[in-house]
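Protein chains: 2
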Amino acid sequence: MSSVSAGASSAAIGFVKGHGTENDFVLLFDPEREIDLTPQLVAAICDRRAGIGGDGVLRVVLAATDPEGAPMSDLARWFMDYRNADGSVASMCGNGLRVFARYLVDSYLEPPGEFVVATRGGPMPVRLGPVGDVTVDMGPFELFDPDALTVSANGRSWPATAVAMPNPHAVAVVADLADPGELTRPPVVSPAQPDGVNVEFVVVKDEAHLLMRVHERGVGETRSCGTGACAAAVARSGGKPGSTVVEVPGGRLSVTIRTDRHVELTGPAVLLAEGELDPWQLVAAR
Amino acid sequence: MSSVSAGASSAAIGFVKGHGTENDFVLLFDPEREIDLTPQLVAAICDRRAGIGGDGVLRVVLAATDPEGAPMSDLARWFMDYRNADGSVASMCGNGLRVFARYLVDSYLEPPGEFVVATRGGPMPVRLGPVGDVTVDMGPFELFDPDALTVSANGRSWPATAVAMPNPHAVAVVADLADPGELTRPPVVSPAQPDGVNVEFVVVKDEAHLLMRVHERGVGETRSCGTGACAAAVARSGGKPGSTVVEVPGGRLSVTIRTDRHVELTGPAVLLAEGELDPWQLVAAR
Numbered sequence: 401m402s403s404v405s406a407g408a409s410s411a412a413i414g415f416v417k418g419h420g421t422e423n424d425f426v427l428l429f430d431p432e433r434e435i436d437l438t439p440q441l442v443a444a445i446c447d448r449r450a451g452i453g454g455d456g457v458l459r460v461v462l463a464a465t466d467p468e469g470a471p472m473s474d475l476a477r478w479f480m481d482y483r484n485a486d487g488s489v490a491s492m493c494g495n496g497l498r499v500f501a502r503y504l505v506d507s508y509l510e511p512p513g514e515f516v517v518a519t520r521g522g523p524m525p526v527r528l529g530p531v532g533d534v535t536v537d538m539g540p541f542e543l544f545d546p547d548a549l550t551v552s553a554n555g556r557s558w559p560a561t562a563v564a565m566p567n568p569h570a571v572a573v574v575a576d577l578a579d580p581g582e583l584t585r586p587p588v589v590s591p592a593q594p595d596g597v598n599v600e601f602v603v604v605k606d607e608a609h610l611l612m613r614v615h616e617r618g619v620g621e622t623r624s625c626g627t628g629a630c631a632a633a634v635a636r637s638g639g640k641p642g643s644t645v646v647e648v649p650g651g652r653l654s655v656t657i658r659t660d661r662h663v664e665l666t667g668p669a670v671l672l673a674e675g676e677l678d679p680w681q682l683v684a685a686r
Numbered sequence: 401m402s403s404v405s406a407g408a409s410s411a412a413i414g415f416v417k418g419h420g421t422e423n424d425f426v427l428l429f430d431p432e433r434e435i436d437l438t439p440q441l442v443a444a445i446c447d448r449r450a451g452i453g454g455d456g457v458l459r460v461v462l463a464a465t466d467p468e469g470a471p472m473s474d475l476a477r478w479f480m481d482y483r484n485a486d487g488s489v490a491s492m493c494g495n496g497l498r499v500f501a502r503y504l505v506d507s508y509l510e511p512p513g514e515f516v517v518a519t520r521g522g523p524m525p526v527r528l529g530p531v532g533d534v535t536v537d538m539g540p541f542e543l544f545d546p547d548a549l550t551v552s553a554n555g556r557s558w559p560a561t562a563v564a565m566p567n568p569h570a571v572a573v574v575a576d577l578a579d580p581g582e583l584t585r586p587p588v589v590s591p592a593q594p595d596g597v598n599v600e601f602v603v604v605k606d607e608a609h610l611l612m613r614v615h616e617r618g619v620g621e622t623r624s625c626g627t628g629a630c631a632a633a634v635a636r637s638g639g640k641p642g643s644t645v646v647e648v649p650g651g652r653l654s655v656t657i658r659t660d661r662h663v664e665l666t667g668p669a670v671l672l673a674e675g676e677l678d679p680w681q682l683v684a685a686r
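The listed protein sequences correspond, in order, to chains A and B. In this text, residue positions in the first sequence follow the numbering used here: the first is 401, and each later residue adds one. In this text, residue positions in the second sequence follow the numbering used here: the first is 401, and each later residue adds one.
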């Protein structure tokens, strides 16, 4: 039909575009790990103008085929080979895992229900039906002393609570989501955290319903952050079992703290397009 | 394969993603004008996270089928139904027209060579081979008194020359492309232009080779602007016939002023992916 098929069909790569609360991904089905997925190719695919565009690539590989997935292949059939948009390797992403799990079920690669996905962050249990939201077991949390940190942005400061999911978060309650102003620079957290920290600003609509903005370390303000939503719910509930709705700019997530102190994250996973991309044209576009 | 095909295949819309110097578009092949292309659907398709992402949609319609194309159907077989990313109707776009013409040839809908495309800006002649760059006849220019305007940005000012392509441009020569600073706000042009103006900052590498940044009215700084490249070449050459290379952040364009005072714009047009999108999932994502 187009040069995509007419020009270099032998090299065409099948893809699906999906997102979870507007954290978006390009999925590549590559069960035998045959694609030479260089950082350059990942960056070209994720380029929002000269490529498909996305926050990252999720390569779908048989766990047994992948050197990193193989040790988990007794637990999980599929390995989520997640790469950031800059081409670097990433360990885990709650929003990405929901999209990955939805893809597996919609592609008949796993049956609906509960199964485990192998990730660089370890084996991750997921639960989903034939349609609808996806639930991910994000593992246990660690909650530190309430309000022991201070977060400052644009000349204002708030007390904040540290939570590890296991990545580090600082959760601050604000009266209005506009109060922190534009987060063009990272909020300042004191005492300073050596590896940086993700900062969540939260408005408490009621104890089971939070509104949240998030600044991700090394990234900037984003439309959604799965571990951030979990951290916000943990900080506000004091880690007590129960469910909390967390509204982020990209949509609505639900966080459940189980009695075994594991945190479950539930939210949408949308697969909106599929097709073929021409890696030669991506390179030509650079 | 995914929910895109499994869920709502009857409603799936075929698309191609392409770009010209990183001005990017989603092309929809709809010869009989059957898609209900609402502003909401256009905006959902162009959403860079919850959709395919693009600066606009180019619908490929038989000119005879389209109420606006029909008057041109003796000159052009195909009508370029161009919509901005916000869903509004747009008249013409030089970068979009190159991508549109490349799509027609690569899809065997027009033979390589010269043909005319019907647009809301009138019938537009294009010229292209079976592969490679695309040339568009952008029509005549109007050149006003040299350096009769002043452009100011971030506390510095430069004389500038007005050019109509026919949309309004102010072309300022700077010593270094970094001199105007960050163009987070529109440069100020005096005397003020009632309908606003596109501003080009140009470094003269030599008289046949310009480097350019552009601030498009109502949009902001962009990676490329076809009429802006034409205006820059017209202003620098004084409208004399000849060719100029114009490098923009998104790539390299070539502008030729013909002896009949028409301006030809030549540049790349890349089709990088094709597939099917699920309008139901786009709506679900909102």
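C-beta: ideal position from N, C-alpha, C; glycine also.
Reduced DSSP category for residue i - H, G, I as helix; E, B as strand; rest coil
| i | result |
| --- | --- |
| B:ARG585 | coil |
| A:ALA633 | helix |
| B:GLY638 | coil |
| A:ALA463 | helix |
| B:ASN495 | helix |
| B:ILE452 | coil |
| B:PHE500 | helix |
| A:GLY389 | Only positions 401 to 686 of chain A appear in this structure, which leaves residue 389 of chain A out of reach. |
| A:LEU665 | strand |
| A:PRO559 | strand |
| B:LEU427 | strand |
| B:MET538 | strand |
| B:VAL683 | helix |
| A:ALA408 | Residue confidence for A:ALA408 is low, a pLDDT of 41 falling below 50, so the modelled location carries little weight; the figure read from the coordinates is stated next. Of the three classes helix, strand and coil, the one that applies to A:ALA408 here is coil, per DSSP. |
| A:VAL648 | strand |
| B:VAL574 | coil |
| B:SER403 | Because the pLDDT of B:SER403 is 44, which lies under 50, any placement of that residue in the model is unreliable, and the number read from its coordinates should be weighed accordingly. Helix. |
| A:PRO511 | coil |
| B:VAL517 | strand |
| A:PRO505 | Sequence inspection shows Val at residue 505 of chain A; the Pro mentioned does not correspond to that position. Note: A:VAL505 maps to helix in three-state DSSP. |
| B:ALA490 | coil |
| A:ALA592 | coil |
| A:PRO471 | helix |
| A:VAL531 | coil |
| A:ARG613 | strand |
| A:PRO580 | coil |
| A:ASN598 | strand |
| A:PRO566 | coil |
Range covered by the beta strand (DSSP E) that runs through residue i
| i | result |
| --- | --- |
| B:TYR482 | 478-484 |
| B:GLY420 | 413-420 |
| B:PRO439 | Not the beta strand (DSSP E): B:PRO439 falls in the alpha helix (DSSP H), residues 439-446. |
| B:SER654 | 651-657 |
| A:ARG433 | Premise fails: A:ARG433 is in no beta strand (DSSP E) and is neither H nor E. |
| B:MET524 | 522-528 |
| B:LEU677 | 670-677 |
| B:ALA608 | Per DSSP, B:ALA608 belongs to no beta strand (DSSP E) and is neither H nor E. |
| A:GLY620 | 620-622 |
Residue-level contact to chain B via CB, residue i, 8 Å cutoff
| i | result |
| --- | --- |
| A:GLN681 | yes |
| A:ASP533 | no |
| A:ARG623 | yes |
| A:ALA408 | The predicted model places A:ALA408 with a pLDDT of 41, which falls under 50 and marks its position as unreliable; any figure quoted below should be read in that light. False, the Cβ-Cβ gap to chain B never drops below 8 Å. |
| A:ASP424 | yes |
| A:HIS419 | yes |
| A:SER405 | Caution applies to A:SER405, whose pLDDT of 44 falls short of 50 and renders its modelled position unreliable; the model cannot decide the point. |
| A:ALA685 | Annotation note: pLDDT 48 at A:ALA685 (below 50); position unreliable, no value reported. |
Below-8 Å beta-carbon distance, residue i vs any chain E residue
| i | result |
| --- | --- |
| B:HIS569 | In the structure shown, chain E does not exist; the protein chains are A and B. |
Residue i: first and last residue of the uninterrupted alpha helix (DSSP H) it sits in
| i | result |
| --- | --- |
| A:PRO546 | No alpha helix (DSSP H) holds A:PRO546; DSSP gives it neither H nor E. |
Cβ of residue i within 8 Å of any chain A Cβ
| i | result |
| --- | --- |
| B:LEU677 | yes |
| B:SER402 | Because B:SER402 carries a pLDDT of 45, less than 50, the predicted location of this residue cannot be relied on, and the following value inherits that uncertainty. Yes, because at least one Cβ of chain A sits closer than 8 Å to the Cβ of B:SER402. |
Heavy atom of the ligand HEM within 7 Å of residue i beta-carbon
| i | result |
| --- | --- |
| A:GLY521 | In the structure on display, the ligand HEM does not appear, and there are no ligands present to speak of. |
Cβ-Cβ separation, residue j to residue i (assumed contact under 8 Å), whole Å
| i | j | result |
| --- | --- | --- |
| A:GLU676 | A:ALA412 | 4 Å |
| A:ASP506 | A:PRO525 | Rounded, the Cβ-Cβ distance is 19 Å, inconsistent with contact. |
Review point. Going along the chain, which residues of the region 439-458 of chain A sit with their C-beta nearer than 7 Å to a C-beta in chain B?
Key: Listed in sequence order: ARG448, ARG449, ALA450, GLY451, ILE452, GLY453.
Check your understanding: Listed in chain order, which residues of the region 627-638 of chain A have Cβ atoms closer than 7 Å to some Cβ of chain B?
Key -> none
**Study point:** Residues from the region 655-675 of chain A in contact with chain B, defined by Cβ distance under 7 Å
**Key:** VAL670, LEU671, LEU672, ALA673, GLU674, GLY675
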